[in-house]
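In UniProt numbering, the protein residues as written are 1 to 155. Structure record follows, encoded as structure tokens.
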């Protein structure tokens, strides 16, 4: 037989031979533990240890693929969650702005101007009904804006 053929066969079968070997654990009289691949002497107490081979290359690659898929799914879920949070924050900010504007409009609506009074002869005056309509409308807008803000905020 050619030396190259023997070396090639040894390289091919060596991992299989190494994985299939038996391992023995022996403890001598002094309590020292020794691990060997050859059976111990008859007078020593020995325990045969089963060593299972590691995962095959195909199994390892499958695990790597599954881990990559899981990692990708987690990253996509995180990105989606961040997008939803950003959209929620934008809606909440817009609702807060609308509420502040409605409250400011209500404040301005409460001020009675010269056009809101109806003057009579003799110096008497009364507030026009349009003022109360305007005030009621502004209060309704504040309530609607407050309700929308609470709905978006979640309580």
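Ideal Cβ positions, reconstructed from N, Cα and C, are used throughout, including at glycine.
Please state whether DSSP places residue 127 in a helix, a strand or coil.
Here residue 127 is taken as the residue at index 127 of the chain shown, counted from 1. If DSSP states are grouped into helix, strand and coil, residue 127 belongs with the strands.
For residue 141 and residue 102, which I take to be in contact (beta-carbon distance under 8 angstroms), what is that distance rounded to the nearest angstrom?
Position 141 of the chain shown, counting from 1, holds the residue named residue 141. Position 102 of the chain shown, counting from 1, holds the residue named residue 102. About 5 angstroms; that satisfies the 8 angstroms criterion.
Presumed contact (8 angstroms Cβ cut-off) between residue 41 and residue 25, rounded CB distance:
Residue numbering aside, residue 41 sits at position 41 when the chain shown is read from its first letter. Residue numbering aside, residue 25 sits at position 25 when the chain shown is read from its first letter. Not quite, the Cβ-Cβ distance comes to about 14 angstroms (not below 8 angstroms), so this is no contact.
Pairing CB atoms from the segment 85-92 with CB atoms from the segment 121-135, are three or more of them under 8 angstroms?
no
Do residue 139 and residue 106 come within 8 angstroms of each other at the CB atom, strictly closer than that value?
Here residue 106 is taken as the residue at index 106 of the chain shown, counted from 1. Here residue 139 is taken as the residue at index 139 of the chain shown, counted from 1. Yes; because the gap between Cβ atoms is below 8 angstroms, this pair is in contact.
Is it right to say residue 149 is buried, meaning 16 or more other beta carbons lie within 10 angstroms of its own, or is it exposed?
As a first step, residue 149 must be located in the chain shown, where it is residue number 149. So residue 149 counts as buried.
Going by the beta-carbon positions, is the gap between residue 116 and residue 128 smaller than 8 angstroms?
Counting from one through the chain shown, the residue named residue 116 turns up at place 116. Counting from one through the chain shown, the residue named residue 128 turns up at place 128. Yes. Within cutoff.
Based on DSSP bridge pairs, tell me the residues matched to residue 152.
The count along the chain shown starts at 1 and reaches residue 152 at position 152. In DSSP, residue 152 forms no bridge with anything.
8 angstroms is my cut-off, CB to CB: does residue 116 come that close to chain B?
Although the question refers to chain B, the structure presented lacks it and comprises just one protein chain.
Helix or strand or just coil, what does DSSP make of residue 45?
Your numbering for residue 45 matches position 45 in the chain shown. Looking at residue 45 - three-state DSSP - the assignment turns out to be strand.
Using DSSP's beta-bridge definition, name the partner residues of residue 118.
For the purposes of this step, residue 118 is taken as the residue at position 118 of the chain shown. DSSP, once it has assigned bridges, lists 126 as partnering residue 118.
Residue 48 and residue 22 look like a contact to me (Cβ under 8 angstroms); what is the Cβ gap, rounded to whole Å?
On the chain shown, residue 48 is found 48 positions in, with the first residue counted as 1. On the chain shown, residue 22 is found 22 positions in, with the first residue counted as 1. Confirmed, about 6 angstroms.
In the DSSP assignment, what residue or residues form a beta bridge with residue 33?
On the chain shown, residue 33 is found 33 positions in, with the first residue counted as 1. Its beta-bridge partners are 27.
Can you list, in chain order, the residues of its chain whose CB lies under 6 angstroms from that of residue 98, leaving out five sequence neighbours each side?
Taking the chain shown and counting its residues from 1, the one referred to as residue 98 is at position 98. These residues qualify, in order along the chain: 145.
So, with DSSP's three-state summary, where would you put residue 52?
Locating residue 52 in the chain shown gives position 52, counting from the first residue. The answer is coil: DSSP assigns residue 52 none of H, G, I, E or B.
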